[in-house]
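Reviewing the structure listed below.
Residue numbers (this note's numbering): 1 to 75.
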């Protein structure tokens with residue numbers, strides 16, 4: 001996969017990509033500090049924002065890997 005057209009690797013949707021497959025990966029994590037504190041959780045509680053993936057799915061990475069493997073095998 002090609003690298004995104006950008007001057008810096010900054011998370012978020014403000015980057016320009018050459019292909020939708022370039023947007024797969026680097027799924028953002030967000031700390032849930034307020035929620036953890038309110039629930040008395042003593043840990044780093046985080047949420048992974050899968051909806052940032054192209055089809056809002058955890059299956060994006062495996063789907064691309066399967067297609068690339070088939071293409072490399074000439075199928």
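The beta-carbon is built from N, C-alpha and C at its ideal position, and this holds for glycine as well.
key: Residue burial classification, residue 26 (beta-carbon count within 10 angstroms, cutoff 16)   = Within the chain shown, residue 26 is the residue found at index 26, counting from 1. So residue 26 ends up on the exposed side.
Using 8 Å for Cβ pairs, my map puts residue 30 next to residue 49. What's the rounded Cβ distance? Taking the chain shown and counting its residues from 1, the one referred to as residue 30 is at position 30. Taking the chain shown and counting its residues from 1, the one referred to as residue 49 is at position 49. With a Cβ gap of about 6 Å, residue 30 and residue 49 count as contacting.
Secondary structure at residue 48, three-state DSSP: helix, strand or coil?
-> Taking the chain shown and counting its residues from 1, one reaches residue 48 at position 48. Residue 48 falls in the strand class under three-state DSSP.
Notebook entry, point to check: Can you tell me whether DSSP reads residue 64 as helix, strand or coil?
Noted result: Start at 1 with the first residue of the chain shown, and residue 64 comes out as number 64. Residue 64 falls in the helix class under three-state DSSP.
**Request:** Rounded to whole angstroms, what's the CA-CA distance from residue 38 to residue 19? Just pull it up for me.
**Result:** Here residue 38 is taken as the residue at index 38 of the chain shown, counted from 1. Here residue 19 is taken as the residue at index 19 of the chain shown, counted from 1. Whole-angstrom Cα-Cα distance: 41 Å.
Exercise. Considering only the beta carbon of each residue, do residue 43 and residue 36 sit closer than 8 Å?
Worked result: One-based indexing of the chain shown puts residue 43 at position 43. One-based indexing of the chain shown puts residue 36 at position 36. Cβ distance < 8 Å, so residue 43 and residue 36 count as in contact.
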